[in-house]
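First the structure, in the form of structure tokens, and then the observations on it.
Protein chains: 2
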Amino acid sequence: MDTGIPIRAFAARTGLSAHTLRYYERIGLLDPVGRASSGHRRYLAGDLAWVEFLTRLRATGMPVRVMQRFAALRRHGDRTLPERRELLEAHQRDIEQHLADLQVNLAAITEKIQHYRDLEVSNGQHGE
Amino acid sequence: MDTGIPIRAFAARTGLSAHTLRYYERIGLLDPVGRASSGHRRYLAGDLAWVEFLTRLRATGMPVRVMQRFAALRRHGDRTLPERRELLEAHQRDIEQHLADLQVNLAAITEKIQHYRDLEVSNGQHGE
DNA sequence: ACTTGACTTAGAGCGCGCTCGAAGTTCTAA
DNA sequence: TTAGAACTTCGAGCGCGCTCTAAGTCAAGT
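Sequence order for the protein chains is L and A. 1 is the number of the first residue of the first sequence in this note's numbering; add one for each residue after it. 129 is the number of the first residue of the second sequence in this note's numbering; add one for each residue after it.
Given below as structure tokens:
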């Protein structure tokens, strides 16, 4: 009964560290992982999609507290689907706002770069 | 000689707290600010643009360490223009990468939301 | 003159998300 | 069989970017 993916290999596949995988389990983002007879963790291939989804939520700035709430809802089965959807919709709006802000700020930074290029040209023309 | 903007008003204008303004000055993001005869800080209207630019850099994820480097270059005058431009260009690339990642992740989250909607419809149809 | 509140400095403390260390057990390869 | 790497738990520690506290000074209103 010692099948499944050892933590090292699972870490490699998810891009998370073994430390982080244990931490995520500890704080309830991952359900308790099955063990080999030795006590070592054995991940299932099916755990991959969930960890990848968690990683997307983090990468888009969702706080760990909210991810914990989402994971808790998920453990409570299908009747939490609407609440999970609403949570994701709120996050979707946050991301869209963040994207809009980034684009505005990027435009301003791009202008600044152009301003520097202009200055460099005029400095070079009469300064050197 | 006590003209200029008191810290409270300047904080309100920039959206930073007075604490953060003092902190930024302490770590060299802001040049030492002029003082009234009382010792109280007096900001100049011209400081606003710089603080706003700093705020854009932070909002787009530039680490404070890099902002410190940028501020130090700026203090060294026009001959640092090319290096400042290169620093901003590198940051520009970082933002563009981040935007691309966010968009990919947002799309995946949007799909997940749609998946939930589909599930809710089919659950509702035969479950209720 | 006195109160109230904004300011000053220096340094401590905090919330976040990991990340690491210690001490002990188990697996793997020679 | 034995060395060394990988695993376990538990709790401490860290880097970041602020944020706050304490103790004191200064300014404005009554």
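Each residue gets a CB set at the ideal place from its N, CA and C atoms; glycine is no exception. These numbers come from a predicted model, not from an experiment.
State yes or no: is the C-beta of residue i within less than 7 Å of the C-beta of residue j?
i      : j      : result
L:G15  : L:R42  : no
A:A228 : L:R56  : no
A:L209 : A:F198 : no
L:L30  : L:Y23  : no
A:T148 : L:N105 : no
Whose Cβ in chain L lies nearer than 8 Å to the Cβ of residue i?
i      : result
A:E248 : L81, P82 and R85
Pick out whichever of the options has its Cα sitting closest to the Cα of residue i.
i      : options                           : result
A:P160 : A:A137, A:R193 and A:R203         : A:R203
A:R163 : A:R245, A:I135 and A:L157         : A:I135
L:M67  : L:V51, L:G77 and L:G124           : L:V51
A:S165 : A:A177, A:M190 and A:D130         : A:D130
A:F138 : A:L234, A:A177, A:E224 and A:R207 : A:A177
L:Q92  : A:T238, A:A218 and A:Q220         : A:T238
L:E89  : A:A218, A:D222, A:R245 and A:E224 : A:R245
A:G174 : A:R141, A:Q225, A:K240 and A:G252 : A:R141
L:L119 : A:N251, A:L230, A:D222 and A:R207 : A:R207
Identify the contact partners of residue i in chain L, using a Cβ-Cβ distance below 9 Å as the criterion.
i      : result
A:T142 : Within 9 Å Cβ-Cβ: nothing; A:T142 doesn't reach chain L, min ~15 Å.
A:D130 : By Cβ distance, chain L contributes nothing, its closest Cβ being about 33 Å from A:D130, past 9 Å.
Does any CB atom of chain A fall closer than 7 Å to the CB of residue i?
i     : result
L:T60 : yes
Which bits of chain A does residue i rub up against, with CB to CB less than 7 Å?
i      : result
L:A108 : R184
Step through the CB atoms of chain L and report whether any lies within less than 7 Å of the CB of residue i.
i      : result
A:Q220 : yes
A:H147 : no
Below 9 Å on C-beta distance, what does residue i contact in chain A?
i      : result
L:L102 : A187, T188, G189, I223, H226, L227 and L230
L:L88  : I237, T238, K240, I241 and Y244
With 16 as the cutoff for other CB atoms within 10 Å, does residue i come out buried or exposed?
i     : result
L:R84 : buried
L:I27 : exposed
How would you list, in chain order, the residues of chain L whose beta-carbon sits under 7 Å from the beta-carbon of residue i?
i      : result
A:D206 : N123
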